[in-house]
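In full-length UniProt numbering, the protein residues as written are 1 to 339.
Note that CB positions come from ideal geometry on N, CA and C, so glycine has one too.
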Ligand SMILES: NC(=O)c1ccc[n+]([C@@H]2O[C@H](COP(=O)([O-])OP(=O)(O)OC[C@H]3O[C@@H](n4cnc5c(N)ncnc54)[C@H](OP(=O)(O)O)[C@@H]3O)[C@@H](O)[C@H]2O)c1
């Protein structure tokens with residue numbers, strides 16, 4: 001059996017429960033790809049899920065949703081991708097029971113269904129690609145939830161985080177908002193302006209009540225709508241992405257995990273209208289995952305916390321071909337003891 005390195009935890013708790021273990025390289029089912037991970041990104045869901053039983057998980061859990069990498073093997077039913085393709089995606093689709101997979105992207109090799117990934121645009125790096133999927137799928141869903149229309153104004157609470165940096169860009173460059181206003185703290189005002197915000201509100205010096213203008217859409221990425229709702233017009237949608245919503249007018253929006261969404265973004269990524277935003281403290285080396293989580297968990301990330309490089313390992317040629325294995329990959333993988 002081929003072994004790989006993966007970050008994992010066997011109990012809920014703080015970042016210290018994470019350890020680097022030896023794990024079997026999973027075998028793709030007929031509808032799955034085996035991808036050698038070149039870069040991954042962290043999301044708050046990764047540590048929220050680790051801290052408590054948010055989604056009941058069998059241990060060990062390999063955390064991580066986002067990745068970019070190279071297809072090294074594929075099941076017989078794969079039609080869209082070939083070995084050697086550079087792909088990216090959020091691999092954590094919910095299964096029928098509403099649970100997340102046990103095997104995430106903080107591993108050298110991952111398995112993923114082909115409908116969850118897209119070809120990486122050639123003009124962006126693995127790091128940039130890995131930073132996008134979960135956050136951009138979330139950001140887009142919020143506009144859909146609101147029924148946002150070109151020419152409307154938008155007020156974004158939290159313009160500097162993983163999701164917020166993309167909401168600002170999407171509003172300005174893809175959805176045609178007539179005015180984009182976003183909040184952040186003093187050191188990040190210029191940064192958020194440079195993403196495309198027409199106006200940035202420094203929340204350390206300005207309270208929502210002091211803002212006179214009212215907006216067509218309030219997009220709250222922070223979960224502050226019990227206070228921020230005052231900037232929304234009376235009939236304006238208020239969308240939040242944190243659970244539970246803290247105001248009765250707010251609608252909770254959750255991401256849809258699909259590779260197609262990334263495919264639709266390809267022209268905007270190729271033209272540079274939409275840019276990946278990688279937190280400048282990173283990318284963090286694969287061996288520095290605990291430090292990367294420590295930083296993300298401060299809640300101060302500027303864009304996305306990215307993990308790269310991953311250690312490269314060559315697999316024997318016997319597995320670098322189509323696989324007809326129909327066993328659920330988790331069953332193959334989790335039989336092995338973890339060190
Ligand atoms: N519903 C879904 O499908 C979904 C999907 C993805 C994420 N989420 C949730 O959405 C939230 C945001 O995710 P994320 O990845 O963007 O997190 P993140 O990257 O950790 O967000 C960090 C940013 O939040 C900003 N921030 C913190 N408090 C703020 C405040 N009071 N006002 C304005 N900005 C503030 C910080 O800027 P400053 O330093 O300037 O404060 C920082 O830049 C998380 O709770 C996450 O779990 C939900």
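Let's see if you can read the secondary structure: which residues bound the alpha helix (DSSP H) around residue i?
| i | result |
| --- | --- |
| residue 46 | 44–51 |
| residue 136 | 133–146 |
Here's the rule I'm using: 16 or more other beta-carbon atoms within 10 Å means buried, otherwise exposed. How should residue i be labelled?
| i | result |
| --- | --- |
| residue 144 | exposed |
| residue 8 | buried |
| residue 128 | buried |
| residue 306 | buried |
| residue 36 | buried |
| residue 11 | exposed |
| residue 286 | buried |
| residue 206 | exposed |
Reducing DSSP to helix, strand and coil, say where residue i ends up.
| i | result |
| --- | --- |
| residue 54 | coil |
| residue 24 | strand |
| residue 307 | strand |
| residue 164 | helix |
| residue 180 | strand |
| residue 61 | strand |
| residue 123 | coil |
| residue 77 | coil |
| residue 199 | strand |
| residue 278 | strand |
| residue 294 | helix |
Mind checking who residue i pairs with in its DSSP beta bridge?
| i | result |
| --- | --- |
| residue 217 | 154 |
| residue 250 | 238 |
| residue 7 | 20 |
| residue 87 | 69 and 119 |
| residue 36 | 70 and 109 |
With a Cβ-Cβ cutoff of 7 Å, do residue i and residue j count as a contact?
| i | j | result |
| --- | --- | --- |
| residue 242 | residue 195 | no |
| residue 41 | residue 304 | yes |
| residue 217 | residue 139 | no |
| residue 116 | residue 85 | no |
| residue 155 | residue 231 | yes |
| residue 253 | residue 225 | no |
| residue 32 | residue 75 | yes |
Following the continuous beta strand (DSSP E) through residue i, name the residue where it begins and the one where it ends.
| i | result |
| --- | --- |
| residue 109 | 109–113 |
| residue 259 | Counting along the chain, residue 259 falls outside any beta strand (DSSP E), though it belongs to the alpha helix (DSSP H) covering 259–271. |
Quick one: is residue i near chain D, going by C-beta distance under 7 Å?
| i | result |
| --- | --- |
| residue 45 | Chain labels in this structure do not include chain D; a single protein chain is all it has. |
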